[in-house]
Structures are given as structure tokens and as C-alpha cells.
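*Asks:*
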Amino acid sequence: MTKKPFVRQSRLVSDLLDLIYSDVCGPDTQARSGFTYFITFTDDHLRYDYVYLVKRKSKAFEKFKEFKLEIENQTGRNSKSFDWLKV
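Heads up: the sequence shown at position 15 corresponds to 15 in UniProt numbering, and the numbers run straight through without jumps.
Written as C-alpha cells, this is what we have:
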């Protein structure tokens, strides 16, 4: 029995910052500075990832606001849709 080949799916969006996914991961081994969790932001169009370290999950929304401001300043565009990954 052989495995079927992986079929690439087309992107859900056609432009930068149209859709951003996010996930909060941890707790893993604590980092030197006391960070226990990390949060990722992934642009669906480019598949470019941003990773931020956080000490508590409750800081996730603050990191999202920081990310949103940073990416919009870098690109000169506004993000259109955001989705938290659910496990």
C-alpha cells in the first residue's frame, strides 16, 4: 500500500495581510529571561512567520497589538482578517 501524494492547496488569499493566523504555544522549558510561552503570527499569502516570546498567556492580545502595529508600519497596509488557530 502506498501513500497518496501531497496535493498543494492554493492560497486562501491573494494579497499580503489579507489573512493572518496565530497560535500560542507552551509552556515549555522556561527561557533565561523567564519567558514560558511564545505566540506566532503567520501571513497566509507569504507564509512568513513572526514569533514573540511572552511570560503569560494573558499577554497574547498585547503582543497581537504590537505585531499589528509593526507589520502595518513595515508594509504600509492594513490587515484585513485574523484567525486564532484552534487545537
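Every residue gets a Cβ at the ideal spot worked out from N, C-alpha and C, and that includes glycine. Quantities reported herein were computed from a predicted structural model and do not represent experimental measurements.
Per DSSP, residue 111 forms a beta bridge with which residues?
*Replies:* Since the first residue of the chain shown is 1 and the last is 87, residue 111 is not available in this structure.
*Asks:* What's the call for aspartate 44, buried or exposed, on a 16-neighbour Cβ count within 10 Å?
*Replies:* It counts as buried.
*Asks:* Assign leucine 17 to buried or exposed, taking buried as 16 or more other Cβ atoms, counted over all protein chains shown, within 10 Å of its Cβ.
*Replies:* Buried is the call here.
*Asks:* If serine 79 and lysine 68 are in contact, beta carbons under 8 Å, what's the gap, nearest whole angstrom?
*Replies:* Correct: roughly 6 Å between the Cβ atoms.
*Asks:* Strictly by DSSP, which residues pair up with leucine 53?
*Replies:* Partner(s): Phe38.
*Asks:* In chain order, what residues of the same chain have a beta carbon less than 6 Å from the beta carbon of tyrosine 52, not counting five sequence neighbours either side?
*Replies:* Closer than 6 Å at the Cβ level, and outside the excluded window around tyrosine 52, lie Ile39, Lys63.
*Asks:* Using only alpha-carbon positions, find the residue among Arg32, Pro5, Ser81, Val13 that is nearest to leucine 46.
*Replies:* If we check each option's Cα against that of leucine 46, Val13 comes out closest.
*Asks:* Can you tell me the Cα-Cα spacing of valine 54 and tyrosine 37, whole angstroms?
*Replies:* C-alpha separation (whole angstroms): 5 Å.
*Asks:* Tell me which residue opens and which closes the alpha helix (DSSP H) that asparagine 78 is part of.
*Replies:* Element bounds for asparagine 78: n/a, residue is neither H nor E.
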